[in-house]
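Scroll down for the structure; my scribbles are underneath it.
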Amino acid sequence: MKQCSACTQKKMSGHPLGNTPIQRNMEASMINVTKTYLGDIDQFKRYVEGIYARGWLTNHGPLARELTDRLKDYLGVKHIILTNNGTLALQVAYRALGLSGSAVTTPFSFVATSSSLQWEGIRPVFADIDPDTWNISPQHIKRSIAEDTTAIVGTHVFGNPCDVEAIQQIAREHKLKVIYDGAHAFAVRHAGQSVLNHGDISTLSFHATKLFHTIEGGAIITNDDELARSAHLMCNFGISGVDRIDGIGINAKLNEFSAAMGLCILDNIGNILEERAQIAHRYTSALESYLDLQQPQADSELNNSYYPVALHNEQQLLTVRTALNLRKINPRRYFYPSLDTLEYLQPQPGQPVSRALSERVLCLPIYPGLLRSEQDLVIRTLIETCGVTDTDYPACSAAGVC
């Protein structure tokens, strides 16, 4: 895939894009990388009125139970335990699996993936990523397994499934547990089923920045009955019934107000996914000929939770970001820096693919309600700032943005 030309702000004489200045009302609100979807306020109020009437605010209330049942059906999973955030979901997962020693994980992810391991006394050992899918590389996993390794922790980066079949084979050979950080993978499918069905445990984040959210929240998903029972107990202090405590636990329960928001969002999830797909298709049509894009895992249905692009180098990324910021567009550097560079996780062998990619990736705005004119502005700013060549021009012209 052809990379963008060297950055330049120079207008190209005679070129339709070069002769069309990009302008935006500076009184307009910022176009952020994401915008929280809130659903119907009247529906949310009705749920809240029910909470007030019952006086049941937390501790496995009726809305949390309803959300649990509906999510199991929608996602096609056997067990789902709701938590009050995605990081606690990871921590409880590690505890439920009895992990110790070290875990092989990805350096190209949000910091919670590795920090939650370190917090639980498990040493993260990084394995480099695949340069096309941007997920943890099975070949590098094999090289990173040590005598004390007890697990592989992968992230479905930007909702793109890991090579779950290859990872499972490695886990079987080395008798390792597999946990997937599926923070970005809500509603993602692989090989005809939810990607969350892979591994011993998968986790979700329901933070307000996610396409499905409960304001703050998360979930643990497993097909194992005993793991589900253990995780459920651990999320409620280890309490199994009146006057009975069966083991160690913490408070990771989801409250009723958060569950109410989740129910409102779930009612509209089809429209949310469809609108994201339309925006992603438009970006791809305009940009794929001259920017590097993440390559989807084979046999997968994605959710377009993010729209990442890889610039030619870090200097070009910074130039593009500045140009977008000047037009009140706020992209984000996900994920920077590469986690293998963090001082508190040293010593670590360097992971060159992750380090190089982390310097190049910028996530563009994508969310329901992003106007077509705003999408055009994002695309045109990228094209103008990178410097479109005559070869590049037909792609953006066909997309109707230059």
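Position 272 (the sequence shown) corresponds to 272 in the UniProt record's numbering; numbering is contiguous.
For glycine and all other residues, C-beta sits at the position ideal for the given N, C-alpha and C.
Taking 9 Å as the cut-off, the Cβ atoms of Asn135 and Pro161 count as close. Contact check between the region 67-85 and the region 205-217: three or more CB pairs, one atom from each, fall below 8 Å, which counts as touching. If one requires a minimum length of 4 residues, the alpha helix (DSSP H) runs lying completely within the region 147-230 are 164-174, in chain order. Close CB contacts of Gly218 within its chain, under the 6 Å cut and outside five residues either way in sequence, are with Thr83, Asn85, Gly86, Ala89, Leu204, Ser205, Phe206 (chain order).
Going by beta carbons, Ser202 and Ala191 fall outside the 9 Å limit. Take the alpha-carbon of Ala323 and the one of Ile145: they are about 43 Å apart. Taking all protein chains shown into account, Gln91 has 16 or more neighbouring C-beta atoms within 10 Å of its C-beta and is therefore buried. For Pro62, the enclosing alpha helix (DSSP H) starts and ends at 62-75.
Here Pro131 has Val353, Leu357 as same chain residues with Cβ atoms under 8 Å from its own Cβ, once five neighbours each way along the sequence are excluded. Around the beta-carbon of Tyr367, 16 or more other beta-carbon atoms lie within 10 Å, marking it buried.
Just measuring C-alpha positions, the residue of Val77, His140, Gly159 sitting nearest Leu302 is Gly159.
The C-alpha of Thr113 is placed about 30 Å away from the C-alpha of Leu57.
As a beta-bridge residue in DSSP terms, Thr105 pairs with Phe126, Val153. By the C-beta criterion, the region 104-122 is judged not to be in contact with the region 252-266, since fewer than 3 inter-stretch pairs fall below 8 Å.
Membership of His79 in any alpha helix (DSSP H) is not indicated; the residue belongs instead to the beta strand (DSSP E) covering 79-83. By the beta-carbon neighbour count (other beta carbons within 10 angstroms, threshold 16), Glu359 is buried.
When the five nearest sequence neighbours on each side are left out, the beta carbons in the same chain lying within less than 6 Å of the beta carbon of Ile248 are those of Gly238, in order along the chain. As far as DSSP is concerned, Gly86 takes part in no beta bridge. In the three-state DSSP reduction, Leu362 falls in the strand class (E or B).
Fully contained in the region 317-388 are the following alpha helix (DSSP H) runs of length 4 or more, in chain order: 352-358, 372-386.
Between the alpha carbons of Leu318 and Val195 lies a distance of about 34 Å.
Pro308: member of the beta strand (DSSP E) spanning 307-310, first to last residue. When secondary structure is reduced to three states using DSSP, Leu287 falls in the helix class. With fewer than 16 other beta carbons inside 10 angstroms of its own, Tyr344 counts as exposed. DSSP places Ser137 outside any beta strand (DSSP E), giving it a letter other than H or E. Around the beta carbon of Val242, fewer than 16 other beta carbons sit within 10 angstroms, so the residue counts as exposed. Straight through space, the alpha carbons of Glu288 and Glu275 are spaced by roughly 19 Å.
Residue pairing by DSSP places Asp292 opposite Ala310 in a beta bridge.
Gly241 sits in a strand when the DSSP states are folded into three classes. Within a 10 Å sphere around the beta-carbon of His281 sit fewer than 16 other beta-carbons, which makes this residue exposed. The C-alpha of Val104 lies about 29 Å from the C-alpha of Asn236. When the five nearest sequence neighbours on each side are left out, the beta carbons in the same chain lying within less than 6 Å of the beta carbon of Thr222 are those of His79, Ile201, Ala228, in order along the chain.
Considering only Asn32, Glu165, Gln316, the residue with the shortest C-alpha distance to Tyr180 is Glu165. Residue pairing by DSSP puts Ile31 in a beta bridge opposite Ile329.
A Cβ-Cβ contact shorter than 9 Å links Thr155 with Gly182.
Excluding sequence positions up to five before and after Gln169, its CB lies less than 6 Å from no other CB in the same chain.
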